[in-house]
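Numbering (my numbering), first residue to last: 4 to 881.
One structure is given here, and the rest of the page talks about it.
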Amino acid sequence: MSHTPQSTYRVQLHAGFDFDAAAGIADYLAELGVTHLYCSPILQAAPGSTHGYDVVDPHRVNVGLGGAERYAAMVGALAAAGLGQVLDIVPNHMSVHPSNPWWWDVLENGPASRYAGYFDIDWAGTADKASFTVLVPVLADQYGRVLEAGAVHLERREGSVVVRYEDHLLPVSPRTLDALLGQAARRAGSGQLAGLAEAFGALPDARITDTAAVRERDSRKRTLASELKQLCLDDPEVAAEVDAELASVSREPGRLDELLRRQNYRLAHWRVASEELDYRRFFNIETLVGMRVEDPDVFADTHRLILDLVHEGTVDGLRVDHVDGMRDPAGYLERLAQATEGTYTVVEKILGDGEPLPSAWPVAGTSGYDFLTRVNGLFVAVDAEPTMTDTYSSFTGDPRPFGEIVRAAKLETMGNELASEVDHATSRLALVTDRYRRHRDHTRRDLRAALVEFVAAFPVYRTYVEPPATATDVDHRHVEATTAAVEALRPDIDRELVELLGELALGRHDGADELELTQRLQQLTAPVTAKGVEDTAFYRYNRLVSLNEVGGDPGRFGRPLAQFHAETQTQATSWPHTMLTLGTHDTKRSADVRARTNLLSELAAQWDTAVTRWGEGNERHRVGEWPDRNAEYLLYQTLLGAWPIEPPRLRAFMIKAVREAKVHTSWIEPSADYEDALEAFVDGITEDPWFRDDLRRFMVEHDVVERGRRNSMAQTALLFTCPGVPDLYQGSELWDLSLVDPDNRRPVDYDARRRLLTEVGPLGPAEALRHRDDGGLKLWEISRLLHHRRAFPYMYESTFYEPLTLRGARADEVVGFTRGGLTVLVPRLGSDHWEGTEARLPPGHWSDVLTATHFEGGPQPLAELFAGFPVAVLARTS
4 MSHTPQSTYR
14 VQLHAGFDFD
24 AAAGIADYLA
34 ELGVTHLYCS
44 PILQAAPGST
54 HGYDVVDPHR
64 VNVGLGGAER
74 YAAMVGALAA
84 AGLGQVLDIV
94 PNHMSVHPSN
104 PWWWDVLENG
114 PASRYAGYFD
124 IDWAGTADKA
134 SFTVLVPVLA
144 DQYGRVLEAG
154 AVHLERREGS
164 VVVRYEDHLL
174 PVSPRTLDAL
184 LGQAARRAGS
194 GQLAGLAEAF
204 GALPDARITD
214 TAAVRERDSR
224 KRTLASELKQ
234 LCLDDPEVAA
244 EVDAELASVS
254 REPGRLDELL
264 RRQNYRLAHW
274 RVASEELDYR
284 RFFNIETLVG
294 MRVEDPDVFA
304 DTHRLILDLV
314 HEGTVDGLRV
324 DHVDGMRDPA
334 GYLERLAQAT
344 EGTYTVVEKI
354 LGDGEPLPSA
364 WPVAGTSGYD
374 FLTRVNGLFV
384 AVDAEPTMTD
394 TYSSFTGDPR
404 PFGEIVRAAK
414 LETMGNELAS
424 EVDHATSRLA
434 LVTDRYRRHR
444 DHTRRDLRAA
454 LVEFVAAFPV
464 YRTYVEPPAT
474 ATDVDHRHVE
484 ATTAAVEALR
494 PDIDRELVEL
504 LGELALGRHD
514 GADELELTQR
524 LQQLTAPVTA
534 KGVEDTAFYR
544 YNRLVSLNEV
554 GGDPGRFGRP
564 LAQFHAETQT
574 QATSWPHTML
584 TLGTHDTKRS
594 ADVRARTNLL
604 SELAAQWDTA
614 VTRWGEGNER
624 HRVGEWPDRN
634 AEYLLYQTLL
644 GAWPIEPPRL
654 RAFMIKAVRE
664 AKVHTSWIEP
674 SADYEDALEA
684 FVDGITEDPW
694 FRDDLRRFMV
704 EHDVVERGRR
714 NSMAQTALLF
724 TCPGVPDLYQ
734 GSELWDLSLV
744 DPDNRRPVDY
754 DARRRLLTEV
764 GPLGPAEALR
774 HRDDGGLKLW
784 EISRLLHHRR
794 AFPYMYESTF
804 YEPLTLRGAR
814 ADEVVGFTRG
824 GLTVLVPRLG
834 SDHWEGTEAR
844 LPPGHWSDVL
854 TATHFEGGPQ
864 PLAELFAGFP
874 VAVLARTS
């Protein structure tokens with residue numbers, strides 16, 4: 004395996020922060036102490052992309068970031084600073100933007116495209132109108148109305164013809180140019196154009212997909228396009244007649260419709276996508292089409308540049324985006340490991356409670372959401388759950404538990420955004436049950452009902468069954484839990500049908516349709532969970548929003564300390580080089596916002612009094628019944644967690660939150676009345692002197708800011724000392740009160756950070772503690788720990804992990820563990836008064852990495868261990 008990073012610093016690349024900008028912070032990152040820059044995707048993305056996950060050409064470095072030349076300069080700057088690079092890759096999907104040459108070729112040539120097998124398209128379709136075509140749902144209104152309004156036009160592009168609708172461009176199949184060019188030839192009296200028209204019409208049909216026909220079609224169409232281009236250049240009269248014919252057809256809806264019906268795609272209203280889309284998407288985003296990377300040829304073509312970068316030593320590690328979207332994650336990862344010769348690789352994988360990462364995967368671990376969840380739960384007072392639940396239910400009037408909200412959100416997701424995926428799976432299930440005599444009489448309604456309930460009840464993202472490999476014990480447990488849940492919730496659904504679905508999910512039935520359904524079920528449960536839970540239920544259930552985080556479970560109110568130790572011990576032995584993180588580009592709230600918000604669990608009674616008072620006092624800012632009480636409850640927690648926050652940021656967050664919740668408004672059907680009322684309420688309360696003073700009084704009385712900072716320093720210490728490779732998200736080395744994207748992707752002031760690091764770097768702990776307000780305290784802690792990691796890597800690479808023995812009244816309010824040469828203690832609950840509680844240090848001589856204070860093995864009072872700094876990170880000196 005290649006060199007494992009000691010630490011990473013994640014940056015989001017875009018036009019405003021490109022390769023030159025990343026090169027410009029190399030010296031700062033080296034001074035901070037990280038070993039690797041961790042970049043968002045760098046392959047050519049759609050024009051104007053702000054994130055890079057919409058790749059259009061995997062063979063090129065993104066010109067919007069500076070292209071190959073500036074990328075090479077960035078790599079040189081990193082090397083000069085002693086830094087390596089970890090790269091985020093996107094193998095699951097590509098953008099359907101017209102600049103994607105592969106997708107353009109598919110639209111132009113249909114199943115006969117050289118790239119038709121690259122994309123996960125159902126060419127057969129579920130209805131005659133969808134057969135052998137790709138749905139293109141971009142129209143703002145019904146198809147016929149758009150044509151009759153003259154909004155669709157034909158244009159000549161050299162030797163080709165395109166369809167334009169607003170900013171959308173689509174190719175016209177060369178074979179369908181025969182009538183257009185023939186009519187233009189008659190008007191121009193051009194025998195050469197007439198010959199070209201006949202030759203275009205004689206191209207092989209797009210449904211003829213044998214290799215020889217595909218090659219012949221591609222070669223001949225290129226030749227014909229070149230000849231048409233040259234003819235139009237040589238004979239302006241011919242060019243004018245061709246353009247006139249295109250304009251004429253564009254003005255006549257009937258003729259335009261006739262031409263469009265001959266294309267390899269179906270132009271349609273955007274709403275059609277949810278029910279009739281015929282390709283696998285990334286979640287519900289129809290502009291991102293799924294790739295068939297399980298095909299070795301597709302893998303090779305899509306990974307060519309990435310593998311070159313790995314083999315030449317430019318890239319030291321990879322982060323694989325959305326591994327659960329793939330048909331065969333295990334097979335893909337095995338192929339990737341072989342192709343990269345074991346390069347350090349982590350996967351973006353959301354693990355459910357108690358769900359292990361598949362042990363057979365040849366990866367170092369996950370990208371860190373499991374660690375984030377494990378650490379975050381430490382700072383929640385578990386015993387406050389009844390009070391917090393009562394407060395939330397009383398304030399909002401909604402007593403439903405999280406599980407009930409999840410089920411409803413999943414069912415809605417399958418009935419709306421992902422209806423087409425459900426339809427495809429239902430059709431496949433119908434083919435299967437037709438061959439089983441005990442299930443042949445089930446109607447399509449029966450099959451769909453069983454399927455959606457099965458998917459809604461599935462407790463994790465997916466199983467990992469790739470026949471002929473057998474399902475694991477974990478897969479069996481998840482399927483058994485699912486069938487039991489469906490039978491309990493929906494006794495009206497045929498039990499044997501539900502059990503059949505469970506058997507199919509586990510790959511127990513042979514047959515092409517059965518095995519295809521096994522795969523499709525896995526690629527259905529994942530997006531339904533992502534959209535239904537993280538992007539919907541997480542915005543509907545607001546009991547304690549610090550728990551509503553990617554990879555988390557808001558239904559679980561914190562985690563016992565013993566569970567943290569057990570899970571970290573397992574991680575140390577099974578996945579010692581997994582990535583650790585407290586924040587990413589996808590997290591709903593920054594680590595510092597969560598650190599503050601978690602305090603509400605320690606102030607449950609006081610919070611109940613305050614939020615009740617605020618609800619009553621702010622009634623005057625409500626517009627009728629809006630906003631609803633659930634949104635109001637979310638708003639109060641957000642204000643406490645991110646205060647002080649600029650009104651535009653707060654309004655933007657709240658609008659996004661309620662649209663994601665999809666209760667009164669949504670992205671698809673925004674309600675201007677509701678959103679106006681919500682924004683008016685936000686402005687009203689934040690400009691209200693009474694409320695602002697009361698909020699400040701609550702925060703000062705309970706020392707919310709300083710206790711939140713202590714929590715932040717504690718979780719930061721865990722990030723850099725627990726088993727694994729710590730990742731720091733851009734800008735979070737100072738206090739960071741960011742909310743969900745795009746708020747967490749705002750520009751980072753690196754000049755200010757560079758100056759502050761220079762100032763605080765030489766300081767001792769007492770002087771560093773004076774830099775509370777400007778964030779220098781956190782920066783100092785991070786830099787000290789990173790440099791210690793670089794100086795003594797063996798201490799942090801140890802697979803040994805053992806909880807410390809603590810005694811006293813507050814023993815359970817501290818996290819303590821040893822890793823052989825390293826011993827760590829951090830507070831997790833309560834005040835800073837530790838008299839009467841002690842920790843038993845392992846034998847030997849110890850020195851605090853942060854304060855340089857020396858301690859001997861054996862019992863040590865926490866009051867002394869925490870005397871010089873809020874956390875203790877001790878290194879063995881003998």
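All residues carry an ideal CB built from backbone N, CA and C; glycine is no exception.
Owing to the predicted nature of the structure, the values given are computational and were not obtained by experimental measurement.
Whose CA, out of the options, lies closest to the CA of residue i?
i           : options               : result
residue 31  : 58, 172 and 736       : 736
residue 876 : 723, 529 and 333      : 723
residue 189 : 699, 247, 143 and 172 : 247
residue 301 : 820, 771, 781 and 94  : 94
residue 298 : 213, 118 and 412      : 118
residue 106 : 490, 840, 268 and 330 : 268
residue 712 : 627, 653, 645 and 193 : 645
residue 441 : 822, 498 and 480      : 498
residue 634 : 626, 261, 657 and 726 : 657
residue 744 : 53, 403 and 212       : 53
residue 84  : 72, 40 and 179        : 40
DSSP on residue i, reduced to helix/strand/coil?
i           : result
residue 332 : helix
residue 561 : coil
residue 688 : helix
residue 393 : helix
residue 861 : strand
residue 785 : helix
residue 779 : helix
CB-CB under 6 Å to residue i, same chain, minus the five flanking residues each way: which ones, in chain order?
i           : result
residue 688 : 621, 624 and 694
residue 555 : 376
residue 47  : 59, 60, 63 and 65
residue 541 : 551
Taking only the alpha-carbon atoms, compute the straight-line gap between residue i and residue j and give it to the nearest angstrom.
i           : j           : result
residue 292 : residue 285 : 6 Å
residue 110 : residue 799 : 52 Å
residue 196 : residue 224 : 15 Å
residue 131 : residue 22  : Note that residue 131 scores 47 on pLDDT, short of 50, meaning its location in the model is unreliable and no value can be drawn from it.
residue 850 : residue 860 : 11 Å
residue 7   : residue 42  : 16 Å
residue 460 : residue 672 : 27 Å
residue 1   : residue 162 : This structure cannot settle anything about residue 1, because the visible part of the chain is limited to 4 through 881.
residue 495 : residue 455 : 14 Å
residue 593 : residue 550 : 12 Å
residue 832 : residue 561 : 12 Å
residue 365 : residue 346 : 10 Å
residue 685 : residue 67  : 37 Å
residue 411 : residue 462 : 14 Å
residue 367 : residue 348 : 6 Å
residue 282 : residue 127 : 11 Å
Does the Cβ of residue i have 16 or more other Cβ atoms within 10 Å, making it buried, or fewer, making it exposed?
i           : result
residue 1   : This structure does not reach residue 1, given that the chain is present from 4 up to 881, and the question cannot be answered.
residue 140 : buried
residue 478 : buried
residue 584 : buried
residue 245 : buried
residue 236 : exposed
residue 314 : exposed
residue 767 : exposed
Residues in its own chain within less than 7 Å of residue i by CB, not counting five upstream and five downstream?
i           : result
residue 639 : 614 and 617
residue 789 : 10, 35, 36, 37 and 723
residue 392 : 546
Given residue i, which residues of its chain have a CB within under 8 Å of its CB, disregarding the five upstream and five downstream residues?
i           : result
residue 797 : 824
residue 852 : 787, 788, 791, 876, 877 and 878
residue 674 : 667 and 668
residue 738 : 595, 712, 715, 778 and 781
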